[in-house]
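Just so you know, the protein sequences line up as chains Y and P, in that order.
According to this note's numbering, the first sequence is numbered sequentially starting from -2.
According to this note's numbering, the second sequence is numbered sequentially starting from 1040.
Positions of the beta carbon are idealized from the N, C-alpha and C atoms, including for glycine.
A short worksheet on the structure shown next.
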Amino acid sequence: MPIDQRHLGRRYGPYQFTVGLEHLRDFAAAVGGGVPGRVFATAPGQAHPWTWDEAAAAASPYGSLIAPPGFAATFAIQPFSAACVDPELGINVLRLLHGGQDLELLSVIRPGDLLTTSGEITRLQERSGLEFLEVSTSTVNQRGETVVRATWTAIIRG
Amino acid sequence: MKKATDYAVGDTFTAVREVDPYRPIYYAAASGDFNPIHIDPSIGRLAGHQGVILQGMCTFAWLADACAAYLDDPGRVRRVAARFTKPVQVGDVLTFQGRCAGLDGGRLRLEVSATNQRGEEVLKGACAEALLPADDAAVEGRG
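Okay, structure coming up:
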C-alpha cells in the first residue's frame, strides 16, 4: 500500500552525535580494507592517512584526524533510518533498497565535534510499481555551523 | 600536497575495492548499520538476493575515497552523489574509474563510473565536487 501523502514534511530528530577519535579510525579501517576495533585490528591499506594515522594527520594542514566524506553515513543517516522503520509509514524493510544519495559537505569534521542532525520527508512518489521515499537532512556542529546537508532516497519494491 | 595547477580537466583515476566476506560486518560495526540484510545470509535470500548485500553507503564511501585519493585530501571533497543501480554482494570486485570533468574557479567536478567484475554498473550518475585550497584558488584567479 502506498505511503500516505499526509506524511510529506514529517520530521525526525534532532539526533545528537559526538565524533570519537577511535570511531573515525574504525570507520577508516572498515572502508579502507582493514579490520576495525582493538582485537585483531589491522590498518586500512586503502584509506587516506589523514583519516586514521594520527602522526600523519598532525603533520597535515588540518593538524588532527579528519573524517572522510563517507563518515557522514554514521550520523546523518538517522532521520532516514528512523523514517524507514517508522510504524506510521508501514514500510516492509525487506522490500527496501537504498536508491540514491546526495551528500554535501560544508566543513571538515574532527574528533570531539558534537553534531546535531534533523530531517524531514521531502518526497513520496509512486512510479512504475516502485515507491520513492526521500528524506532531506541537515547537520550542524557545536558552533552552529551547518557541516552536512544530505538527501537520502529509498526505493520500496512493490 | 597537490596545488591547483596539479589538477586538469581530463585527468583520470582508478580505485579497486573487493567485497571480502567480512566487509559488510566490519562496515556495520563502524557505521552502525546492522540491517540484517547486510549481516544474515538467510535474510538476504528472503529479500531476493543470493546472500548478504553490502551497505550502499559503503560503496558510496568507496566512491568518495576514490575522489579523495585523486585530490590527495579528504577534506576538499564538498559533494558526492550517486544512484545505486545494482546490489553489491560478497565476492564482488568493484572498479571506480574517475575523470576530472570540470574546473571552474576553485571548484573541481569529478565524474565516476563504478562497475563490478561482470562490467555491470553498480552506480549511475556518480559525481563529486571539490574545493581547492583558498590560496591555490587565489593564485589561479590571478593567472
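query: Helix, strand or coil at residue 0 of chain Y according to DSSP, with G and I counted as helix; result: coil
query: Uninterrupted beta strand (DSSP E) stretches inside the segment 83 to 123 of chain Y (no shorter than 3 residues); result: 93 to 102
query: Three CB pairs or more closer than 8 Å across the segment 1083 to 1096 of chain P and the segment 89 to 99 of chain Y; result: yes
query: Residue of Y:38, Y:29, Y:3, Y:13 minimising C-alpha distance to residue 75 of chain Y; result: Y:13
query: Neighbour flag for residue 1183 of chain P against chain Y, beta carbons, 8 Å; result: Nothing in the structure corresponds to residue 1183 of chain P, since chain P is present only between 1040 and 1182.
query: First and last residue of the uninterrupted alpha helix (DSSP H) at residue 226 of chain Y; result: Beyond the ends of chain Y as shown, which are -2 and 155, falls residue 226 of chain Y; an answer cannot be given.
query: Cβ neighbours of residue 64 of chain Y in the same chain (closer than 8 Å, five flanking residues each side left out); result: 16, 21, 24, 48, 105, 106, 107
query: Meets three-Cβ-pair contact criterion under 8 Å: the segment 1132 to 1139 of chain P and the segment 1045 to 1055 of chain P; result: yes
query: C-alpha distance - residue 32 of chain Y paired with residue 3 of chain Y, whole-angstrom precision; result: 44 Å
query: The segment 1137 to 1152 of chain P contacting the segment 113 to 122 of chain Y, beta-carbon criterion three pairs below 8 Å; result: no
query: Supposed close pair residue 129 of chain Y, residue 139 of chain Y - CB separation, criterion 8 Å; result: Not really, about 34 Å apart at Cβ, beyond 8 Å.
query: Within chain Y, partners of residue 1060 of chain P - CB distance below 7 Å; result: Chain Y residues near residue 1060 of chain P: none, gap ~12 Å exceeds 7 Å.
query: Residues bridged to residue 1135 of chain P (per DSSP); result: P:1054, P:1153
query: Closer than 9 Å at the beta carbon, the chain Y residues around residue 1065 of chain P; result: 23, 26, 27, 28, 31, 32, 33, 34
query: Residue range of the unbroken alpha helix (DSSP H) whose run includes residue 19 of chain Y; result: 18 to 28
query: Beta carbon proximity, residue 67 of chain Y to chain P, threshold 8 Å; result: yes
query: Unbroken alpha helix (DSSP H) run spanning residue 1044 of chain P, endpoints; result: Residue 1044 of chain P -> no alpha helix (DSSP H), and no H or E assigned at all.
query: Cβ-based burial, residue 72 of chain Y [other Cβ within 10 Å; buried from 16]; result: buried
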